[in-house]
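Participant: Sharing a structure with you now.
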Amino acid sequence: MADLVWLHEDALRRTHPVFVAADYERGSDTQPVFIWDVDYFGENDIGLKRQHFIYETLVEMGAEIHAGSMHDILPRLVAARGVTRVLVPATPNPNMLRRYGQIRRALSDIAFDMVDDTPFATLSKPADLGRFFRYWNKARKSAMRPHGG
Amino acid sequence: MDHIAKLSGQQPCTPSPIEGGRVAAEKALTAINPAAYAATRNFLDGAVTRLSPYIRQGILSLDEVRNHALSIEPDQKKVEKFVQELAWRDYWQRVYVAHPERIWNDVETYKTGFDASEYETDLPDDISTGQTGVACIDHFIGTMLETGYLHNHARMYVASYVVHWRRIRWQAGARWFLQNLLDGDPASNNLSWQWVASTFSNKPYIFNLENVAKYTGHEVNTRFADNRVLGYSYEQLNELLFPNLAHMAGDQHG
Numbered sequence: 001m002a003d004l005v006w007l008h009e010d011a012l013r014r015t016h017p018v019f020v021a022a023d024y025e026r027g028s029d030t031q032p033v034f035i036w037d038v039d040y041f042g043e044n045d046i047g048l049k050r051q052h053f054i055y056e057t058l059v060e061m062g063a064e065i066h067a068g069s070m071h072d073i074l075p076r077l078v079a080a081r082g083v084t085r086v087l088v089p090a091t092p093n094p095n096m097l098r099r100y101g102q103i104r105r106a107l108s109d110i111a112f113d114m115v116d117d118t119p120f121a122t123l124s125k126p127a128d129l130g131r132f133f134r135y136w137n138k139a140r141k142s143a144m145r146p147h148g149g
Numbered sequence: 001m002d003h004i005a006k007l008s009g010q011q012p013c014t015p016s017p018i019e020g021g022r023v024a025a026e027k028a029l030t031a032i033n034p035a036a037y038a039a040t041r042n043f044l045d046g047a048v049t050r051l052s053p054y055i056r057q058g059i060l061s062l063d064e065v066r067n068h069a070l071s072i073e074p075d076q077k078k079v080e081k082f083v084q085e086l087a088w089r090d091y092w093q094r095v096y097v098a099h100p101e102r103i104w105n106d107v108e109t110y111k112t113g114f115d116a117s118e119y120e121t122d123l124p125d126d127i128s129t130g131q132t133g134v135a136c137i138d139h140f141i142g143t144m145l146e147t148g149y150l151h152n153h154a155r156m157y158v159a160s161y162v163v164h165w166r167r168i169r170w171q172a173g174a175r176w177f178l179q180n181l182l183d184g185d186p187a188s189n190n191l192s193w194q195w196v197a198s199t200f201s202n203k204p205y206i207f208n209l210e211n212v213a214k215y216t217g218h219e220v221n222t223r224f225a226d227n228r229v230l231g232y233s234y235e236q237l238n239e240l241l242f243p244n245l246a247h248m249a250g251d252q253h254g
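Residue numbers (the working numbering), protein chains in the order written: chain Y, 1 to 149; chain P, 1 to 254.
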């Protein structure tokens, strides 16, 4: 099984759990992929200064950068490399989730997994998100401990 | 930068002085002082960390930043304010996951005495270029456009000026910030604009010139003659900005 780690701008570090989930012993490519999709940048209001910041980060972490549409590039990479599973860091971004869902449906014989980041705080009950301090009163104890434990 | 601009089909601009990458992120993390942050964070020259671009892009996780803060400051009371500020980002992200529609829509109605339809929808050029004629606001806008970063207190001043002095919908300002800030995040940015606007808080956030002078250094022009629209008491500002309402409180950070 060859895994491919598909990054986006919410998770640009090698210590993200998505890299732990990737099975490198079975020949998975250790280089994550970032698709430089200008339409996506435009939809997400990512300006040029921030694009430069993202680019510096990607180069330093040794990511492959492919310019073009996510819908075109990802299926091409999957086919060319015999990828059987695509791993993506979890994100709340609807613009990314929409593309992820569309590509996943188009590549129905490939496994797709979203991998959560390490949590900041663990809540025993669903948080009341009506106001910050309602959340903080429930999260404080966990948040003030190392690893939120 | 030329390569990036070509990739994106735009004219090159000057990169931010804040460097991308994990090495730069770890250097910034090593430099944090949670106790000093708690004491001085509202001052523009205070011990703020500038970690937000790295946290926003996931170059640093909230978990590791918190863990590092706890490891270097054994006194929990001194580190709590810093951890609480990290928790604000966790909170905004949770709202984003649970209610993605709140990112661009008013969570609640404005509590300013005005209906949303009474606010302009587009950001005027004098604001987007930092030529409003209000010296301190123009200074803050210029800093954002030049560096891709702005101190949080200055962001609140600019957001409040846009929404309450100029009566422009928060969405226009939020999009403008997203396009120009290295740490532009739909949840943290837009919901903070809603907090200032009062569509996700109990009252509008306003400030006055005295408050700006208190928290900024000498490099910011806070002379009355150059910032007249801000040079009032909170009581006067409430009457001027929210004539349909009775009394309201001012800057919560004052």
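Built from N, CA and C at the ideal position, the CB exists for glycine as well.
(1) Kindly list, in the order they appear in chain A, the residues whose Cβ is closer than 9 Å to that of Cys13 of chain P.
(2) What residues from chain Y crowd round Glu19 of chain P, counting only those whose CB sits closer than 7 Å?
(3) The alpha helix (DSSP H) spanning Pro186 of chain P covers which residue range?
(4) Within this structure, are the beta carbons of Ala98 of chain P and Val83 of chain P separated by less than 9 Å?
(5) Starting from Pro17 of chain Y and walking both ways along the alpha helix (DSSP H), at which residues does that stretch end?
(6) Under the DSSP definition of a beta bridge, which residues are partnered with Ile168 of chain P?
(7) Tell me the DSSP bridge mates of Pro89 of chain Y?
(8) What does Val95 of chain P touch in chain Y if you count any residue whose Cβ is under 7 Å from its own?
(9) Check Gly254 of chain P in the structure and name its three-state DSSP category.
(10) Got a sec: is the Cβ-Cβ distance from Pro53 of chain P to anything in chain Y below 9 Å?
(11) Are Leu240 of chain P and Cys136 of chain P close, meaning C-beta to C-beta below 9 Å?
(12) If you measure beta-carbon to beta-carbon, which residues of the segment 131-153 of chain P are closer than 7 Å to chain Y?
(13) Quick test of the definition: if touching needs 3 or more C-beta pairs under 8 Å, does the segment 213-230 of chain P touch the segment 187-203 of chain P?
(14) Using beta-carbon positions only, say whether Phe200 of chain P and Glu120 of chain P come within less than 9 Å of one another.
(15) Using the C-alpha atoms, what's the distance from His151 of chain P back to Gly254 of chain P?
(16) At what residue ranges does the segment 44-70 of chain Y contain a whole run of the alpha helix (DSSP H), taking only runs of 4 or more?
(17) Quick one: Cα of Ile32 of chain P to Cα of Val48 of chain P, how far?
(18) Taking only beta-carbon positions, decide if His147 of chain Y is within less than 9 Å of chain P.
(19) Given a threshold of 16 other Cβ atoms within 10 Å of its Cβ, counted over all protein chains shown, does Trp36 of chain Y qualify as buried or as exposed?
(20) Can you pull the chain P residues whose beta carbon is under 9 Å from the beta carbon of Thr118 of chain Y, in chain order?
(21) Please classify His3 of chain P as buried or exposed, where buried requires at least 16 other C-beta atoms within 10 Å of its C-beta.
(22) Kindly indicate which residue of P:Ser8, P:Ala39 and P:Leu60 has the alpha-carbon position closest to the one of Tyr40 of chain Y.
(23) Would you say the segment 112-128 of chain Y touches the segment 69-81 of chain P, given that touching needs at least three Cβ pairs under 8 Å?
(24) Report the neighbours of Asn180 of chain P on chain Y: residues whose CB is nearer than 8 Å to its CB, in chain order.
(25) Establish whether the CB of Trp165 of chain P and some CB of chain Y are separated by less than 9 Å.
(26) Here's the rule I'm using: 16 or more other beta-carbon atoms within 10 Å means buried, otherwise exposed. How should Phe133 of chain Y be labelled?
(27) When Cβ atoms are compared, which residues of the segment 7-38 of chain Y fall closer than 7 Å to chain P?
(28) Quick one: which residues of the segment 59-70 of chain Y get their C-beta closer than 7 Å to a C-beta of chain P? List them in chain order.
(29) Inspect the beta-carbon positions of Ala22 of chain Y and Asp117 of chain Y and report whether they are closer than 9 Å.
(30) Touching or not, the segment 20-35 of chain P and the segment 154-169 of chain P, by the rule of three or more beta carbon pairs under 8 Å?
(31) Hey, is Arg98 of chain Y's beta-carbon within less than 9 Å of any beta-carbon in chain P?
(32) What's the C-alpha gap between Ala5 of chain P and Gln171 of chain P?
(33) So Ile141 of chain P is in the alpha helix (DSSP H); what residue range does that whole segment cover?
(34) Determine the DSSP secondary structure at Leu129 of chain Y, reduced to helix, strand or coil.
Facilitator: So, from the data block:
(1) Among the chains of the structure shown, chain A does not appear; the protein chains present are Y and P.
(2) As a first step, residue 19 of chain P is located in the second sequence; it is residue number 19 there, counting from the start. What Glu19 of chain P touches in chain Y: Glu56.
(3) Translated into positions along the second sequence, residue 186 of chain P becomes position 186. Run containing Pro186 of chain P: Pro186 to Ala197, per the alpha helix (DSSP H) assignment.
(4) To locate residue 98 of chain P, count along the second sequence from 1; it is residue 98. To locate residue 83 of chain P, count along the second sequence from 1; it is residue 83. Their beta carbons are not under 9 Å apart, which means Ala98 of chain P does not touch Val83 of chain P by this criterion.
(5) Walking along the first sequence from the start, residue 17 of chain Y turns up at place 17. Pro17 of chain Y -> alpha helix (DSSP H) spans Pro17 to Ala21.
(6) By one-based count along the second sequence, residue 168 of chain P stands at place 168. Paired residues: P:Glu120.
(7) Taking the first sequence and counting its residues from 1, the one referred to as residue 89 of chain Y is at position 89. Y:Val115, per the DSSP bridge assignment.
(8) Here residue 95 of chain P corresponds to residue number 95 of the second sequence, with the count starting at 1. Per Cβ cutoff of 7 Å: Leu129.
(9) Your numbering for residue 254 of chain P matches position 254 in the second sequence. Confidence in Gly254 of chain P is poor, its pLDDT being 40 and thus under 50, which makes the residue's placement too unreliable to answer from.
(10) Sequence index remark: in the second sequence, residue 53 of chain P carries index 53 (1-based). Answer yes: the Cβ-Cβ gap between Pro53 of chain P and chain Y drops below 9 Å somewhere.
(11) Position 240 of the second sequence, counting from 1, holds the residue named residue 240 of chain P. Position 136 of the second sequence, counting from 1, holds the residue named residue 136 of chain P. It is not a contact, given that the beta carbons lie outside the stated cut-off.
(12) Gly148
(13) no
(14) Within the second sequence, numbered from 1, the residue matching residue 200 of chain P stands at position 200. Within the second sequence, numbered from 1, the residue matching residue 120 of chain P stands at position 120. Not closer than 9 Å, so no.
(15) Within the second sequence, numbered from 1, the residue matching residue 254 of chain P stands at position 254. Within the second sequence, numbered from 1, the residue matching residue 151 of chain P stands at position 151. A caution first: Gly254 of chain P carries a pLDDT of 40, below 50, which makes its placement in the model too unreliable to give a value.
(16) 48-60
(17) The residue you call residue 32 of chain P lines up with position 32 of the second sequence. The residue you call residue 48 of chain P lines up with position 48 of the second sequence. Using only the alpha carbons, I get a separation of about 8 Å.
(18) In the first sequence, counting from the first residue as 1, residue 147 of chain Y sits at position 147. At least one chain P Cβ lies under 9 Å of His147 of chain Y.
(19) Here the question's residue 36 of chain Y lines up with position 36 in the first sequence. It is buried - the Cβ of Trp36 of chain Y has at least 16 other Cβ atoms within 10 Å.
(20) Position 118 of the first sequence, counting from 1, holds the residue named residue 118 of chain Y. Per Cβ cutoff of 9 Å: Ser61, Leu62, Asp63 and Glu64.
(21) Residue 3 of chain P sits at position 3 when you count from the first residue of the second sequence. His3 of chain P should be labelled exposed.
(22) Indexing the first sequence from 1 puts residue 40 of chain Y at position 40. Among P:Ser8, P:Ala39 and P:Leu60, the Cα nearest to that of Tyr40 of chain Y is on P:Ser8.
(23) no
(24) Within the second sequence, residue 180 of chain P is the residue found at index 180, counting from 1. Neighbours of Asn180 of chain P on chain Y, chain order: Gly47 and Lys49.
(25) Your numbering for residue 165 of chain P matches position 165 in the second sequence. Closer than 9 Å: no.
(26) Along the first sequence, read from residue 1 onward, the residue named residue 133 of chain Y stands at position 133. Exposed, because fewer than 16 other Cβ atoms sit within 10 Å of the Cβ of Phe133 of chain Y.
(27) Glu9, Asp10, Ala11, Leu12, Arg13, His16, Trp36 and Val38
(28) Glu60, Met61 and Ala67
(29) Translated into the one-based positions of the first sequence, residue 22 of chain Y becomes position 22. Translated into the one-based positions of the first sequence, residue 117 of chain Y becomes position 117. Going by C-beta atoms, Ala22 of chain Y is not nearer than 9 Å to Asp117 of chain Y.
(30) no
(31) Along the first sequence, read from residue 1 onward, the residue named residue 98 of chain Y stands at position 98. No, Arg98 of chain Y does not count as interfacial toward chain P.
(32) As a first step, residue 5 of chain P is located in the second sequence; it is residue number 5 there, counting from the start. As a first step, residue 171 of chain P is located in the second sequence; it is residue number 171 there, counting from the start. So the two alpha carbons sit approximately 26 Å from each other.
(33) Mapped onto the second sequence, residue 141 of chain P falls at position 141. That run of the alpha helix (DSSP H) goes Ala135 to Thr147.
(34) Here residue 129 of chain Y corresponds to residue number 129 of the first sequence, with the count starting at 1. Looking at Leu129 of chain Y - three-state DSSP - the assignment turns out to be coil, as it is neither helix nor strand.
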